[in-house]
Each structure stands twice: as C-alpha cells, then as structure tokens.
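The structure appears below as structure tokens.
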Amino acid sequence: MRAVFGIDVSKASSEVAIVINGEKVHGYSITNDVIGFSRLLEDLKTVHNPEIVFEATGVYSRRLQAFLEDNDYAYTRLNPLAAKKQLDSLRVRKTDKIDAEKLAQSQFVLNRKPTYIQEEVYQELRDLSRFYQNLTEDIVRTKNRLHKVLQVTFPEIETLLSAPTGEQYWNLVMSFPSKDYVLALNASELENSVRLSTSKRISDKRVSNLTENLQDLAKQSYCAVKKTSPIIEEVRYDAEELLRLSNRRQAVLDDMVALAQPLPEYDILLSIPGIAETTATSTIGELGDIRRFQSANQINAFIGIDLRHYESGNFLAKEHITKRGNPYARKILFKCIHNMASASHTNPCHIAEFYAKRKRQSQATSTKPHTIAAMHRLIRTIHYLITHNKQYDYHSTQSQ
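Be aware that the sequence shown starts at 1, since it is given in our numbering, and climbs by one per residue.
Listed below in structure tokens is the structure:
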C-alpha cells in the first residue's frame with residue numbers, strides 16, 4: 001500500500017488530501033498550529049512510510065516543514081514554479097482542496113524524490129543572511145533620508161571626512177546637526193567633541209585638522225531652518241539610527257562568521273581572491289549545502305542565471321537569464337565578481353581574468369553580460385572546490 005499526503009499550505013491553514021494507491025480516501029483542513037499538526041500526525045502514524053508532498057510558500061510553509069523534521073518524516077517540498085508546471089495540465093478548476101489532491105495524485109506519476117534536508121546550521125545561516133540584507137536595506141534608506149535633511153541644515157558637513165558614513169561621521173552629525181552648534185563652541189571644546197566622536201585612537205594633529213575644517217565649513221554654511229526646527233531633531237534621529245543599525249548589522253555578521261567557521265566550505269571560499277568573510281558567509285547562507293547540487297548548472301537554475309532560449313522557425317530570440325531563482329544569492333555573486341576584478345591587481349584570479357577578457361572582446365557598453373558569464377565560471381569553481389574539498393590555487397588553473 002502506497003499512501004501519499006498532498007498538502008496545500010496557506011497563511012493560517014492547510015488543505016490535506018490523503019491518496020492511497022491512486023485513490024483519494026480522505027481530505028480535510030487543518031490550522032497551521034499545534035492543534036492542526038497533531039491531527040495530521042495521527043493520520044501519518046496510521047500508515048507505513050507515508051509520502052508527503054507540499055509546495056514551498058515562503059515563511060508560511062516553514063512551520064509545516066519544521067513539524068515534519070521534528071517528527072522524522074521525509075517530505076518533498078516543491079518549488080512553486082515547478083509545481084505550477086507539473087499541475088497545470090491536471091487542473092480543470094483551481095481551489096486549495098483540488099491543489100492538495102493533485103499534488104498527491106501526481107506523486108504516483110512523477111515519483112518525486114524526498115527533499116534533501118540540510119543541517120540546521122545552513123538554515124540558521126540563511127536566516128541571518130536575510131537579516132543582514134534587511135539591515136543593509138534599512139541603512140541605505142536611512143542614509144538617503146539623512147542626506148536629504150542635511151541639505152536643509154548643514155550640507156557642508158558631508159565633506160568633512162573622506163566619506164559621509166561610519167561611526168565618527170554619524171557621531172559628529174548628532175553633535176553638530178547645524179552650523180550653530182559648531183559656532184557655539186570654542187576650539188578646545190570642538191577638539192574634545194571630535195576626539196570623542198570615534199572609539200578608535202586618533203592623533204592630536206588629526207583632531208586639530210578636523211576641528212579647523214569643521215569651523216571653516218560652519219562659517220561658510222547657511223542653515224535654512226532655526227535651531228528649534230524639528231528638522232534638527234530628524235537629523236539627529238537619522239544619524240543615531242544609522243549608528244544603531246550599523247552596530248546591529250556587525251553583530252549579525254559576527255554571528256554568521258561564528259556559525260560558518262567550523263564548516264569546511266568557509267575556508268575554501270575565503271581562499272578565492274576577492275571573497276571576504278561577509279561574502280563567504282552570505283554565500284553559504286543563501287546557497288546552503290552546495291554538495292546537494294549534482295552540477296554547477298543546477299546552482300545556475302537555483303539562483304536564476306540559467307539562460308532562457310526561444311526559437312521558432314527562422315526566429316531566434318536573444319537569450320536572457322531567467323531570474324527565477326534566489327535573488328539574494330544572485331545579488332551577492334554579482335557583486336562578488338566586481339570585487340574579484342578590483343582585487344585582481346594584487347590577487348590574481350582566473351575568473352577575474354576571464355571577466356576582463358570578455359569585457360575587452362565585447363562591443364556592449366553594459367558589463368552585465370560579462371558579469372553573468374563570470375558568475376557561471378565562479379559557480380563552477382565553487383562547486384568543484386567544495387565537492388572535492390580543495391582550496392583555490394591560481395597556478396593550478398593556469399596549467400589546465
């Protein structure tokens with residue numbers, strides 16, 4: 001007897017269809033909580049080696065997945081696009097109940113393999129990676145807000161340091177949101193504020209230069225609002241928020257590094273020129289256990305850089321990447337290629353050389369096609385090194 005449980009997962013509830021030897025014997029709705037999962041567990045225990053099929057629905061299916069893993073049940077988690085393609089031909093009408101039944105019935109035809117269950121550390125790294133990306137997005141938005149309000153109060157302060165970012169800059173903005181706060185202090189008081197603006201050691205000469213520059217900028221600035229304006233408080237709030245977000249993001253990165261360091265692929269990724277700890281931990285978090293991919297092409301499809309090919313008669317469309325995979329991993333690896341190209345002057349890498357060669361040969365003004373091609377080569381390299389447990393060696397790439 002072969003029993004298949006098809007489960008269509010929604011936000012708060014799920015539809016369950018039980019199909020035995022191709023015939024539906026039962027169907028019901030459960031809530032996605034302890035009560036609902038307890039009822040599902042009772043039915044699972046009544047059959048030997050049940051097959052469980054459900055569609056990944058982002059955060060909504062995470063609880064069902066955790067329940068099945070906690071109770072040692074294998075399951076098949078379908079990519080939403082794959083599920084749509086597999087079930088479209090079978091659907092006459094679409095409802096949650098019908099979807100659950102079709103998921104179960106199609107299992108008898110397709111015989112899908114159980115989903116590879118990764119170690120818990122990979123899921124934790126992925127959650128931390130998403131947290132890190134969200135904090136980065138918050139920092140970018142808050143930087144834009146701070147820049148906007150500073151144009152009203154004290155835009156010149158953005159030129160005080162080499163870049164308008166970082167702990168020292170944000171502390172200075174909090175202390176001096178407009179020129180009035182600079183001009184109200186004497187040189188000694190200003191030097192003390194500059195010295196306290198950073199937790200790093202700073203020389204007296206550097207403090208003196210920053211103080212003089214700050215005074216000069218304040219003298220030439222024209223503030224569009226009064227000292228009592230709410231915009232002054234908004235400047236301080238944005239600077240304080242940036243400092244808080246930056247510290248929180250660093251704490252998340254430290255947690256990611258602590259989790260990733262014991263994994264063998266961490267040192268392997270760091271051995272590739274242009275990949276530092278942030279990129280290495282984020283790559284592991286988004287790609288997970290790379291050993292579960294049988295080829296580099298599967299990783300290409302997973303992150304959405306596989307090519308879309310369309311040909312009909314004499315017409316051949318220009319190929320484009322599908323962009324159907326993990327956008328976070330695609331973004332990380334995209335930036336990684338440019339980091340490798342920048343680092344290639346001191347740390348040679350065959351991937352950076354390939355990128356530069358394709359860029360010289362192409363007539364296209366955009367660097368995107370060259371970057372995508374280099375990403376594919378990087379993925380092939382990562383997959384080979386990790387599956388063979390080898391570190392990157394530039395000289396061995398030249399002998400091949």
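Where is the CB? At the ideal position from N, CA and C, for every residue including glycine.
Under 8 Å by Cβ, that's how I've got R236 and P177 pegged, so tell me the actual separation to the nearest angstrom. 5 Å
Once the 5 residues before and after I303 are set aside, which same chain residues still bring their CB inside 6 Å of it? G325, N326, A329 and R330
Candidates P369, K359, E241 and E15, of which the one nearest L135 by Cα: E241
If we require 4 or more residues per run, which alpha helix (DSSP H) segments fall completely within the stretch 230–264? 230–260
Under 8 Å between the Cβ atoms of E51 and L78? no
Is L40 buried or exposed, if buried means 16 or more other CB atoms sit within 10 Å of its CB? buried
What are the boundary residues of the beta strand (DSSP E) that includes A301? Looking at the DSSP string, A301 is not in any beta strand (DSSP E); the run it does join, the alpha helix (DSSP H), is A296 to I303.
Residue range of the alpha helix (DSSP H) that includes F67: R62 to D70
If I follow the unbroken beta strand (DSSP E) through D289, where does it start and stop? Segment: none, D289 is in no beta strand (DSSP E) and carries neither H nor E.
Along the beta strand (DSSP E) that carries T76, what are the first and last residues, could you check? T76 to L78
Please classify L316 as buried or exposed, where buried requires at least 16 other C-beta atoms within 10 Å of its C-beta. Unreliable positioning characterises L316 in this predicted model, as indicated by a pLDDT of 47, which lies under 50. A coordinate reading is not provided.
Give the DSSP-derived three-state secondary structure of E119 in the structure shown. coil
Once you ignore the five residues that flank K227 on each side, which residues in its own chain have a CB closer than 7 Å to its CB? S178 and D180
List the endpoints of the continuous alpha helix (DSSP H) containing H26. Note, H26: premise wrong, no alpha helix (DSSP H); beta strand (DSSP E) at E23 to T31.
From the DSSP secondary-structure annotation, give me the bridge partner or partners of I7. V16 and F54
Keeping to the same chain, check which residues put their C-beta closer than 6 Å to that of E311; ignore five residues upstream and five downstream. Unreliable placement is indicated for E311, whose pLDDT of 48 sits below 50; no coordinate value is reported for it.
Quick check on I372: does DSSP put it in helix, strand or coil? helix
Note down, in chain order, each residue of its chain lying with its Cβ closer than 8 Å to the Cβ of S199, except the 5 sequence neighbours on either side. E167
Short of 6 Å in beta carbon distance, which residues of its chain neighbour V121, apart from the five on each side in sequence? Order them along the chain. L259
L253 CB to nearest chain C CB: under 8 Å? This model lacks chain C altogether, as it is built from one protein chain only.
For D306, which residues of its own chain have a beta-carbon under 6 Å away from its beta-carbon, when the five flanking residues on both sides are left out? N300 and T322
So the candidates are F5, S29 and K84; which of them puts its Cα closest to the Cα of T46? F5
Leaving aside the five residues before and after T381 along the sequence, list all residues of the same chain whose C-beta is less than 6 Å from its C-beta, in chain order. none
Counting only the same chain and skipping the five closest in sequence on each side, list residues whose C-beta sits under 7 Å from that of T115. Y75, T76 and R77
Throw me the rounded Cβ distance for the S355 and H370 pair, which I believe falls under 8 Å. Residue identity check: residue 355 is Tyr in the sequence provided, not Ser. 6 Å between Cβ atoms; contact.
Among the residues of its own chain, which have a CB less than 7 Å from the CB of Q133, if the five just before and after it don't count? Y328
Run the CB neighbour count on L68, radius 10 Å, all protein chains shown included, and call it buried at 16 or more, exposed below. buried
Please name the residue, chosen from H345, S271 and N209, that lies closest to L378 on a Cα-to-Cα basis. S271
Are the stretch 331–346 and the stretch 282–301 touching, with three or more C-beta to C-beta distances below 8 Å? yes
On a CA-only basis, which of Y222, R360 and K390 is nearest Y266? Give me that one, please. K390
Give me the Cα-Cα distance between E401 and Q261, rounded to the nearest whole angstrom. Because the chain is modelled from 1 through 400, residue 401 falls outside the range shown and cannot be assessed.
Given 8 Å, three or more beta-carbon pairs between the stretch 181–191 and the stretch 135–150: no
Extent of the continuous alpha helix (DSSP H) run through F154: Segment: none, F154 is in no alpha helix (DSSP H) and carries neither H nor E.
Does V252 pass the burial test, meaning 16 or more other C-beta atoms within 10 Å, or should it be called exposed? buried
Quick test of your reading: Q105 and V19, contact by CB under 8 Å. State the CB separation rounded to the nearest angstrom. 6 Å
Sort E101, S193, R249 and A373 by Cα distance to V207 and report the nearest one. S193
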